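Residue numbering for the sequence shown follows this note's numbering, beginning at 22 and increasing consecutively.
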Amino acid sequence: MDRSRIQGWATAIVVVCLLHANPSWAQPGNLEKAVHMLEQQSRTGKGEFVTYLTGAAAAYRWANTTVASDGTRAMYCPPQDLALDGRGYARIAVDEYKRAKGEYAKLPQYPLDVLSLALLRGLGQRFPCKLAEGETPSAAGAAAASFEVTSR
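Structure representation (structure tokens):
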């Protein structure tokens, strides 16, 4: 299965989860509110935003496993003994959002879509994959950054 197909499946899972989302959440001012709620929920590890990101992380793990078994480059490479929970995923998403806040603020998607993208990119930043022999850093970075959110 090729990388674009895996990313398509991961995106489809996220989209299906959002079918019940309220359209008013896509308004730009709501992203900051969502980040604030996620920060609060990350302290306890409980809440709908933490649960949503935990589900997105599960989809990314499955996609990453499939990609790795196909011999193509993984999106991120966490240590084997790492056990992240909802709190950890929420922190990664919030930290990545804050790192590139201006870029994420320009996206017209629902806040949870944006935070899911921040989670994926944050996982790639926090757990980069080692370069294969002869591979260039630009090719490796492209693998983790290639996931894009399309406009509605």
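Glycine included, every Cβ here is placed at the ideal spot set by N, Cα and C.
Just so we're clear, the structure is a prediction, and the values are computed from it rather than from any experiment.
For residue i, is the classification buried or exposed, using 16 other Cβ atoms within 10 angstroms of its Cβ as the cut-off for buried?
{"i": "L103", "result": "exposed"}
{"i": "A80", "result": "buried"}
{"i": "R94", "result": "buried"}
{"i": "Q130", "result": "buried"}
{"i": "S90", "result": "exposed"}
{"i": "L133", "result": "buried"}
{"i": "A111", "result": "buried"}
{"i": "G50", "result": "exposed"}
CB-CB under 8 Å to residue i, same chain, minus the five flanking residues each way: which ones, in chain order?
{"i": "E117", "result": "A139, L140, R142, G143 and Q146"}
{"i": "Y125", "result": "L52, Y118, V135, L138 and A139"}
{"i": "R64", "result": "R108"}
{"i": "G92", "result": "none"}
Which same chain residues end up closer than 6 Å to residue i when comparing Cβ atoms and leaving out the 5 residues on each side of it in sequence?
{"i": "S45", "result": "Any reading at S45 is ruled out, since the residue's pLDDT is 49, under 50, leaving its predicted position unreliable."}
{"i": "A55", "result": "P132"}
{"i": "G68", "result": "Q62"}
{"i": "A164", "result": "Legend: pLDDT at A164 = 46, less than 50; position of this residue unreliable, no value from coordinates given."}
{"i": "E60", "result": "V115"}
Rank the options by C-alpha distance to the C-alpha of residue i and give the top, closest one.
{"i": "L52", "options": "D91, G66, A114 and C150", "result": "A114"}
{"i": "P100", "options": "F148, L152 and G50", "result": "F148"}
{"i": "K151", "options": "L128, R120, K122 and C98", "result": "C98"}
{"i": "M58", "options": "F70, L128 and G66", "result": "F70"}
So, at 7 Å on beta carbons, what are the nonlocal neighbours of residue i in its own chain, with the 5 sequence-adjacent residues on each side left out?
{"i": "G66", "result": "D106, G107 and R108"}
{"i": "K122", "result": "none"}
(request) Would you be able to state if there are at least three C-beta pairs under 8 Å between the segment 58-76 and the segment 107-116? (result) The segment 107-116, when compared against the segment 58-76, does touch it at the 8 Å Cβ threshold.
(request) Jot down the residue ranges of each uninterrupted beta strand (DSSP E) in the segment 63-93, minimum 3 residues, whole runs only, in chain order. (result) Annotation: the segment 63-93 contains no complete segment of the beta strand (DSSP E) (minimum length 3 residues).
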